[in-house]
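Heads up: the sequence shown is residues 29 to 357, going by our numbering. Cβ atoms here follow ideal geometry from the backbone N, Cα and C, with glycine treated the same way.
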Amino acid sequence: MATTTLNSVTKIPKVELSSSSGPVSMPLIGFGTAADNNDGATLISAVLESIKLGYRHFDTASAYGSEQALGEAIAEALRLGLIPSRDDLFITSKLWPSEAHAHLVLPSLQQSLRTLQLEYLDLYLIHWPITVTPGKRESPFDKQDLMPMDFKSVWAAMEECQRLGLTKSIGVSNFSCKKLENLLSFATIPPSVNQVEMNPVWQQKKLTEFCKANGIIVTAFSPLGAKGSSWGTNDVMDNEVLKEIAKTHGKTAAQVCLRWVYEQGAAPIVKSYNKERLKENLQIFDWELSEDDYDKIGHIKQHRMMPKEELVSAHGPYKSIEELWDGEL
29 MATTTLNSVT KIPKVELSSS SGPVSMPLIG FGTAADNNDG ATLISAVLES
79 IKLGYRHFDT ASAYGSEQAL GEAIAEALRL GLIPSRDDLF ITSKLWPSEA
129 HAHLVLPSLQ QSLRTLQLEY LDLYLIHWPI TVTPGKRESP FDKQDLMPMD
179 FKSVWAAMEE CQRLGLTKSI GVSNFSCKKL ENLLSFATIP PSVNQVEMNP
229 VWQQKKLTEF CKANGIIVTA FSPLGAKGSS WGTNDVMDNE VLKEIAKTHG
279 KTAAQVCLRW VYEQGAAPIV KSYNKERLKE NLQIFDWELS EDDYDKIGHI
329 KQHRMMPKEE LVSAHGPYKS IEELWDGEL
């Protein structure tokens with residue numbers, strides 16, 4: 029593992045993405061912008077503070093309502109000279125299911141670029157492996173709006189976005205091994221990234237092994253369990269095993285989680301608007317977990333938090349998120 033020392037600005041290790049238009053390096057920790065209430069001024073302030081600390085990887089989505097504020101923060105960072113150019117940042121956004129139709133992929137990306145005030149993205153992801161009726165942006169989705177995704181045509185449109193230079197890389201989010209295998213069977217440009225829920229309480233071993241074998245980098249959303257959010261859980265940050273390991277290392281439970289994700293070869297996407305926690309979340313590169321730590325983490329009972337989010341209406345034909353991820357619509 030690459031290591032770094034903390035100066036006023038932390039130098040974050042990077043990983044090269046495959047299947048990109050030229051060499052693309054992704055910082056191995058990102059700043060997430062998904063929140064129950066994205067107050068623009070608060071987000072702008074947090075992004076500027078994070079850039080001062082060394083964050084260069086920012087994750088958004090059209091569904092988050094954070095693209096505009098993130099774009100304004102980037103423009104302000106450039107104006108203040110906090111970064112030499114836009115090229116110093118790695119920006120990810122995502123295609124929402126209502127736009128996951130071949131003819132809507134390019135317009136959706138172009139709209140995200142306008143909102144972000146950017147000429148290109150570094151990474152564009154299919155947000156979920158499902159499609160809903162165009163214009164239906166609210167979730168949970170009603171069953172009458174759900175439809176099978178035409179993966180071939182939607183992915184072909186994603187590939188065209190990369191060829192046009194509107195995004196340097198393309199990938200997916202919330203894709204199971206089965207759906208990735210299907211996508212890889214016909215993709216001309218394979219996905220560079222799969223963004224999924226991942227933390228010590230939901231370790232995703234099978235999926236991460238599959239991605240590693242196929243040159244796909246995993247980015248981990250909610251690596252701390254998204255405690256305090258409507259979709260989150262306290263099970264990660266309140267886990268006694270993680271607290272014990274943290275005490276042994278003189279670290280926080282959050283730092284143990286982020287270090288664990290990093291040591292899996294994945295990139296944690298972590299959200300905080302608190303300056304001190306923003307600093308702490310970067311203090312994971314100059315120490316390592318022990319074999320004993322791994323043994324303890326390996327025995328943590330596994331369960332994902334996402335079924336708590338009702339993506340599909342209770343009136344829909346699918347009982348849980350698992351059926352959307354692992355079953356074929």
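Burial state of GLU127, where buried means 16 or more other Cβ atoms lie within 10 Å: Taking the first residue of the sequence shown as position 1, residue 127 is located at position 99. Result: buried.
8 Å Cβ shell around THR236 - same chain, five flanking residues per side excluded: Within the sequence shown, residue 236 is the residue found at index 208, counting from 1. Result list for THR236: MET226, VAL246, GLN292, GLY293, ALA294, in chain order.
Cα-Cα separation, GLU166 to SER318: Within the sequence shown, the letter at position 138 stands for residue 166. Within the sequence shown, the letter at position 290 stands for residue 318. So the alpha carbons of these two residues sit roughly 44 Å apart.
Sequence-distant residues of its chain with Cβ nearer than 7 Å to LEU132 (five each side left out): If you number the sequence shown from 1, residue 132 lands on position 104. The residues are PRO162.
Counted within 10 angstroms of its Cβ, other Cβ atoms place SER204 as buried (16 or more) or exposed: Residue numbering aside, residue 204 sits at position 176 when the sequence shown is read from its first letter. Buried: at least 16 other Cβ atoms inside 10 Å.
Spatial neighbours of LYS233 in its chain, beta-carbon cut-off 6 Å, leaving aside the 5 residues before and after: What you label residue 233 is simply residue 205 of the sequence shown in a count that begins at 1. Excluding sequence neighbours, LYS233 sits near nothing in its chain.
Where TRP230 falls: helix, strand or coil (DSSP): For the purposes of this step, residue 230 is taken as the residue at position 202 of the sequence shown. Correct three-state label for TRP230: strand.
C-alpha distance - ILE40 paired with PHE313, whole-angstrom precision: Against the sequence shown, residue 40 aligns to sequence position 12. Against the sequence shown, residue 313 aligns to sequence position 285. Cα to Cα, ILE40 sits roughly 8 Å from PHE313.
Residue range of the beta strand (DSSP E) that includes HIS85: In the sequence shown, residue 85 corresponds to position 57, counting from 1. It spans 85–87 - the beta strand (DSSP E) in which HIS85 sits, taken as one unbroken run.
Residue from GLN172, THR280, ASN222, GLU100 with nearest C-alpha to ILE72: Along the sequence shown, one-based indexing puts residue 72 at 44. Of the listed residues, the one whose Cα sits closest to ILE72 is GLU100.
Heavy atom of the ligand SAM within 7 Å of ILE312 beta-carbon: What this structure holds is no ligand at all, so the ligand SAM is not there to describe.
Cβ shell of MET175 (< 6 Å), same chain only, five flanking positions each side left out: Counting from 1 along the sequence shown, the entry for residue 175 is found at position 147. Excluding positions up to five away in sequence, the list reads THR159.
Cβ distance (whole Å) where ASP173 is taken to contact ALA130 below 8 Å: By 1-based counting over the sequence shown, the position of residue 173 is 145. By 1-based counting over the sequence shown, the position of residue 130 is 102. With 8 Å as the limit, ASP173 and ALA130 do not qualify as a contact, their Cβ atoms being about 18 Å apart.
Same chain, Cβ closer than 8 Å to GLU187, neighbours up to 5 away in sequence not counted: For this step, residue 187 is matched to residue 159 along the sequence shown. Closer than 8 Å at the Cβ level, and outside the excluded window around GLU187, lie ILE198, ALA215, THR216, ILE217.
Meets three-Cβ-pair contact criterion under 8 Å: the region 105–115 and the region 132–145: no
Outcome for ARG107 when other beta-carbon atoms lying within 10 angstroms are tallied against a minimum of 16: Taking the first residue of the sequence shown as 1, we reach residue 107 at position 79. Answer is exposed; the Cβ neighbour count stays below 16.
Beta-carbon proximity of ILE119 to ASP170, cut-off 8 Å: For this step, residue 119 is matched to residue 91 along the sequence shown. For this step, residue 170 is matched to residue 142 along the sequence shown. No, the pair does not count as a contact, with Cβ atoms beyond the cut-off.
Inter-stretch contact at 8 Å, needing at least 3 Cβ pairs: the region 57–65 / the region 298–314: yes
DSSP-derived helix/strand/coil call for SER53: Counted from its first residue, the sequence shown places residue 53 at position 25. Three-state DSSP puts SER53 in a strand.
Cross-strand partners of LEU149 (DSSP beta bridge): Here residue 149 is taken as the residue at index 121 of the sequence shown, counted from 1. In DSSP, LEU149 forms a bridge with THR195.
Proximity of HIS85 and GLY68 at Cβ, strictly below 8 Å: Counted from its first residue, the sequence shown places residue 85 at position 57. Counted from its first residue, the sequence shown places residue 68 at position 40. No, the pair does not count as a contact, with Cβ atoms beyond the cut-off.
In DSSP terms, what GLN223 is bridged to: Sequence index remark: in the sequence shown, residue 223 carries index 195 (1-based). The secondary-structure analysis by DSSP pairs GLN223 across a beta bridge with SER201, THR247.
Member of GLU104, LEU153, GLY109 whose CA lies at the smallest distance from the CA of PRO125: Here residue 125 is taken as the residue at index 97 of the sequence shown, counted from 1. Taking only the C-alpha atoms, the option nearest PRO125 is LEU153.
Helix, strand or coil at LYS160 according to DSSP, with G and I counted as helix: Stepping through the sequence shown from its first residue, residue 160 is reached at position 132. A quick correction: the sequence has Val, not Lys, at residue 160. If DSSP states are grouped into helix, strand and coil, VAL160 belongs with the strands.
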